[in-house]
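Visitor: Heads up, the sequence shown is in the numbering used here, so the first residue is 109 and it goes up one at a time. Here a beta-carbon is modelled for each residue, glycine too, at the ideal position from N, C-alpha and C.
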Amino acid sequence: MNTTENFVSTPQVQNNIVKPIKFPPQPQEWKIVSLRECPTPADIQQCETPEQADAYWKMHITNHPYFNSESECLVVLILNTRRKIKGHYFVSVGTMDTILVHPREVFRLAIMASAHAIVLMHNHPSGESAPSEADIKVTRDLIRAGQLLKIEVIDHVVVGSGNRSSLREMGAFAY
Numbered sequence: 109m110n111t112t113e114n115f116v117s118t119p120q121v122q123n124n125i126v127k128p129i130k131f132p133p134q135p136q137e138w139k140i141v142s143l144r145e146c147p148t149p150a151d152i153q154q155c156e157t158p159e160q161a162d163a164y165w166k167m168h169i170t171n172h173p174y175f176n177s178e179s180e181c182l183v184v185l186i187l188n189t190r191r192k193i194k195g196h197y198f199v200s201v202g203t204m205d206t207i208l209v210h211p212r213e214v215f216r217l218a219i220m221a222s223a224h225a226i227v228l229m230h231n232h233p234s235g236e237s238a239p240s241e242a243d244i245k246v247t248r249d250l251i252r253a254g255q256l257l258k259i260e261v262i263d264h265v266v267v268g269s270g271n272r273s274s275l276r277e278m279g280a281f282a283y
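Structure representation (structure tokens):
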């Protein structure tokens with residue numbers, strides 16, 4: 109590992125010596141799970157509707173250590189061919205009103221997990237679940253990227269406080 113990759117040349121002056129600031133690496137979430145702990149096909153949650161995705165969000169995402177209700181958090185649900193949830197991962201945690209999204213990060217683990225399809229989900233800290241124009245544009249870009257990779261984007265669900273919006277139900281997937 110290159111020891112200089114986590115250094116930035118922002119100076120800190122102490123006794124006229126400039127020292128680089130070291131930032132911690134981005135958290136990675138990898139866990140080895142015994143076969144006894146793996147969910148059986150009967151235990152895997154179905155995800156064919158926005159309501160099912162929202163139920164998964166409330167059960168698993170809001171309790172996650174990386175989730176911050178004060179910032180936008182983009183999560184990808186990984187689905188198998190029968191649209192059952194194989195798992196989820198946090199793509200990005202943004203600010204109160206913005207999040208950085210790139211297809212490379214969105215589809216990275218979906219490719220590694222051999223996902224057949226994905227569901228995009230993110231929260232709006234304002235509590236309003238209506239998608240912004242940026243949400244719609246990013247969704248369309250990710251749909252096109254998914255088509256190239258042969259990974260279907262089933263839906264993009266925006267979660268507010270107590271409500272949710274499905275971009276598929278709103279017609280944003282038809283263009």
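Taking 8 Å as the cut-off, does the region 203-210 touch the region 168-177 (at least 3 CB pairs, one atom from each stretch)?
Guide: Cβ pair count under 8 Å is below three, so no.
Visitor: Could you tell me if alanine 163 is buried or exposed, where buried requires 16 or more neighbouring beta carbons within 10 angstroms of its beta carbon?
Guide: Numbered from its first residue, the sequence shown carries residue 163 at position 55. Answer is exposed; the Cβ neighbour count stays below 16.
Visitor: Among Val201, Ala238 and Leu185, whose alpha-carbon lies nearest the alpha-carbon of phenylalanine 215?
Guide: Translated into the one-based positions of the sequence shown, residue 215 becomes position 107. Among Val201, Ala238 and Leu185, the Cα nearest to that of phenylalanine 215 is on Leu185.
Visitor: Whose C-beta lies closer than 8 Å to the C-beta of lysine 194 among residues of the same chain, with five residues either side of it excluded?
Guide: Within the sequence shown, residue 194 is the residue found at index 86, counting from 1. Around lysine 194: Ile152, Ile186, Leu187, Asn188, Ala221 and Ala223.
Visitor: In three-state DSSP terms, what is glutamine 154?
Guide: As a working mapping, residue 154 is identified with position 46 in the sequence shown. Strand, per DSSP.
Visitor: Which residue comes first and which comes last in the beta strand (DSSP E) that contains leucine 256?
Guide: Residue numbering aside, residue 256 sits at position 148 when the sequence shown is read from its first letter. Careful: leucine 256 lies outside any beta strand (DSSP E), inside the alpha helix (DSSP H) at 241-257.
Visitor: With burial defined as no fewer than 16 other Cβ atoms inside 10 Å of the residue's Cβ, what is the status of arginine 272: buried or exposed?
Guide: Looking up residue 272 in the sequence shown gives position 164. Looking at its Cβ environment, which holds 16 or more other Cβ atoms inside 10 Å, arginine 272 is buried.
Visitor: Is proline 173 near serine 274, with beta carbons less than 8 Å apart?
Guide: Here the question's residue 173 lines up with position 65 in the sequence shown. Here the question's residue 274 lines up with position 166 in the sequence shown. No; because the gap between Cβ atoms is not below 8 Å, this pair is not in contact.
Visitor: How big is the Cα-Cα spacing for glycine 202 and cysteine 181?
Guide: Walking along the sequence shown from the start, residue 202 turns up at place 94. Walking along the sequence shown from the start, residue 181 turns up at place 73. Going by the C-alpha atoms only, they are around 6 Å apart.
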